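Inspection log for the structure reproduced underneath, given as structure tokens.
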Amino acid sequence: MAHELGLNTAAPTTLVVDLNCAFASIEQQHNLELRGRPLAIAAYATDAATIVSSSREARDLGIKTGMRVFEAKAIFPRVLVMEPNPERYRATSDRLMEILERHSPDVRLMSIDEASMNLAGTPDLVKLGPEGVGRAIKRALRDEVGECVTCSVGVSTSIWMAKQASNLDKRDGLQRIDHHNLVSVFERLQLTDLSGIADATARRLAKAGIRTPIEFLYATSDQMGAAGMHAGFANFWRQRLRGFEVDSFESAARKSYSHSHVLARSTSSQGELEELLMRLSEMVGRRLRSARRCGQVVSVSVVYRPDAGHFSKQSKLPRPIATGEEIYRAALTLLAARESGRRVGTLGVGLAGLSDLDPGRQMTLFANPTQARSQKLETAMDAIRDRFGEDAVQRARLLGRARVVRDRIAFGNTGHPDEKRGRPPE
Numbered sequence: 006m007a008h009e010l011g012l013n014t015a016a017p018t019t020l021v022v023d024l025n026c027a028f029a030s031i032e033q034q035h036n037l038e039l040r041g042r043p044l045a046i047a048a049y050a051t052d053a054a055t056i057v058s059s060s061r062e063a064r065d066l067g068i069k070t071g072m073r074v075f076e077a078k079a080i081f082p083r084v085l086v087m088e089p090n091p092e093r094y095r096a097t098s099d100r101l102m103e104i105l106e107r108h109s110p111d112v113r114l115m116s117i118d119e120a121s122m123n124l125a126g127t128p129d130l131v132k133l134g135p136e137g138v139g140r141a142i143k144r145a146l147r148d149e150v151g152e153c154v155t156c157s158v159g160v161s162t163s164i165w166m167a168k169q170a171s172n173l174d175k176r177d178g179l180q181r182i183d184h185h186n187l188v189s190v191f192e193r194l195q196l197t198d199l200s201g202i203a204d205a206t207a208r209r210l211a212k213a214g215i216r217t218p219i220e221f222l223y224a225t226s227d228q229m230g231a232a233g234m235h236a237g238f239a240n241f242w243r244q245r246l247r248g249f250e251v252d253s254f255e256s257a258a259r260k261s262y263s264h265s266h267v268l269a270r271s272t273s274s275q276g277e278l279e280e281l282l283m284r285l286s287e288m289v290g291r292r293l294r295s296a297r298r299c300g301q302v303v304s305v306s307v308v309y310r311p312d313a314g315h316f317s318k319q320s321k322l323p324r325p326i327a328t329g330e331e332i333y334r335a336a337l338t339l340l341a342a343r344e345s346g347r348r349v350g351t352l353g354v355g356l357a358g359l360s361d362l363d364p365g366r367q368m369t370l371f372a373n374p375t376q377a378r379s380q381k382l383e384t385a386m387d388a389i390r391d392r393f394g395e396d397a398v399q400r401a402r403l404l405g406r407a408r409v410v411r412d413r414i415a416f417g418n419t420g421h422p423d424e425k426r427g428r429p430p431e
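My numbering numbers the first residue of the sequence shown as 6 and each following residue consecutively.
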């Protein structure tokens, strides 16, 4: 059957390691009083906030990631709710990467709690085998991070398929998918169990007669076309489903920088939104300058509350920018296109179209002299904040207002503002 379906029959050399209940388990490891108790980590300690991680005890009660705090409390009123501690999670993520890099130089950080590694050509592949390496990683994680922090390990012939294997047992599991058991694994999964297949994609596939992973595996080109997939994308999925590598291990250059903020209280106030936009723009600019990058495509995103509709808009500027002031001015123009009467629950700003920031670049003949002054001012502000903290200096408009937007880790992000190891954020 493997040859008939064109499955990859190579011996697996790829691992995906996924921390279980990551943020919650890290908090339980840090604080003995939290162990064994239903715990939810939410963006904010408010009933409307979204849960970004829940402990195993909370998940056993039905409290899941993506749920609102008030929904969790309806299930279990005594659930503990904590706000995230990004630095603590990054420290654990760094430790995980150090452990993985002992077994292979070919490691890729996929998100702050998940990484993949390629064992091809490594001594440990011969000495331990892929499952042996997985067990060694689990032991090191337990010994060096703590018994509360466990991981699921998937073994396969590609990153995507290894991720499917890691998802088979989210309680400290170690699973393998290869050409011998791929079909039997697919037979017990739903279409949305496959990474990259969300509800909307599943609905499009269903209209083309593709309702299960097995039907997806057997799908014809005509069916994939009917589901809205062009030939290249259809072939991409055809290879993925058969265990071939289409997600390169090579570190791609980062494509954008962004910051978003979930408001504790939704608002339609233009003044409040402008102040938040200014803070977010400065944070993006700060990270850009730290990475010695600039960008040319500014974007703004809005999630409305309570109906959860959304708005997004982007614009390409005539030249690259890197300062918070420039990002803010461009983003403010984009924000003006939103529906002004609707209450905003989440606001985000981003900069793409990146290029290297050349400190020796000469100003053009017609350059605005205020641009150079703005760059010098923000560089000085960076130095002050590096030494005394983010709240040490603020723009006049923001004096007396709430503290700067707190450090957050979004879904899927590595969460490393300085992009350690040069890995892409997602």
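Even glycine gets a Cβ: it sits at the ideal position worked out from N, Cα and C.
Here the structure is a predicted model, which means the values were calculated and not measured.
Span separating the alpha-carbon of Leu24 from that of Ser161: Approximately 18 angstroms, taken between the alpha carbons.
Asn13 versus Leu246: straight-line alpha-carbon distance, rounded: Approximately 10 angstroms, taken between the alpha carbons.
Outcome for Met6 when other beta-carbon atoms lying within 10 angstroms are tallied against a minimum of 16: The residue is exposed, with fewer than 16 neighbouring Cβ atoms inside 10 Å.
Close Cβ partners of Arg348 (< 8 angstroms) along its chain, the five nearest in sequence each way excluded: Beyond the five residues adjoining it in sequence on each side, Arg348 comes within less than 8 angstroms, by CB distance, of Ser271, Thr272, Ser273, Tyr309, Arg310 and Pro311 in the same chain, given in chain order.
Whole-Å CB distance - Ser30 paired with Thr155, under 8 angstroms assumed: That belief holds up - the Cβ atoms of Ser30 and Thr155 are roughly 7 angstroms apart, short of 8 angstroms.
6 angstroms Cβ shell around Ala207 - same chain, five flanking residues per side excluded: Same-chain partners within the cutoff: Leu196 and Thr197.
Expected contact under 8 angstroms - CB spacing of Val86 and Thr70 to nearest Å: Val86 to Thr70, Cβ: 14 angstroms. No contact.
At least 3 beta-carbon pairs within less than 8 angstroms: the region 43 to 58 vs the region 224 to 240: Under the 8 angstroms Cβ criterion, the region 43 to 58 does not count as touching the region 224 to 240, having fewer than three qualifying pairs.
Cβ separation of Val354 and Leu268, assumed to be a contact under 8 angstroms, to the nearest whole Å: Contact between Val354 and Leu268 is ruled out by a C-beta separation of about 14 angstroms, above the 8 angstroms threshold.
Own chain, CB closer than 7 angstroms to Gly346, minus 5 neighbours either side, in chain order: Cβ contact annotation for Gly346 (same chain, cutoff 7 angstroms, sequence separation greater than five): Ser273, in chain order.
Spatial distance of Asp177 from Glu250 (CA atoms): For Asp177 and Glu250, the gap between their C-alpha atoms comes out near 25 angstroms.
Beta-ladder partner(s) of Arg73, from DSSP: The partner list for Arg73 (beta bridge, DSSP) reads Thr55.
Test item: CB-CB of Ala342 and Lys318 under 8 angstroms: In this structure, Ala342 sits near Lys318, with a CB-CB distance shorter than 8 angstroms.
Coil, strand or helix - Phe122 by DSSP: One detail in the question is off: residue 122 reads as Met in this sequence, not Phe. Note: Met122 maps to strand in three-state DSSP.
As assigned by DSSP and simplified to three states, the class of Pro110: Pro110: coil per DSSP, three-state reduction.
Same chain, Cβ closer than 7 angstroms to Asp423, neighbours up to 5 away in sequence not counted: The predicted position of Asp423 is uncertain, since its pLDDT is 38 and thus under 50; a value taken from the coordinates is nonetheless stated next. So the list reads Ser295, once near-sequence residues are dropped.
Per-residue burial, Lys321 [other beta carbons within 10 Å of its own, 16 or more giving buried]: Label assigned to Lys321: exposed.
Contact the region 71 to 90 vs the region 30 to 45: 3+ CB pairs below 8 angstroms: They touch, by the three-pair rule.
Helix, strand or coil at Thr162 [DSSP, three-state]: Under the three-state reduction of DSSP output, Thr162 falls in the coil class, being neither helix nor strand.
Proximity to Val21 [Cα-Cα], best of Ala15, Pro135, Thr55 and Met72: If we check each option's Cα against that of Val21, Pro135 comes out closest.
Boundaries (first-last residue) of the beta strand (DSSP E) holding Leu268: From DSSP, the beta strand (DSSP E) with Leu268 extends over Ser261 to Thr272.
Beta carbon of Gly290 nearer than 8 angstroms to that of Thr338: No, these two residues do not count as a Cβ contact at 8 angstroms.
Outcome for Val131 when other beta-carbon atoms lying within 10 angstroms are tallied against a minimum of 16: By the neighbour-count criterion, in which a residue is buried when 16 or more other Cβ atoms sit within 10 angstroms of its Cβ, Val131 is exposed.
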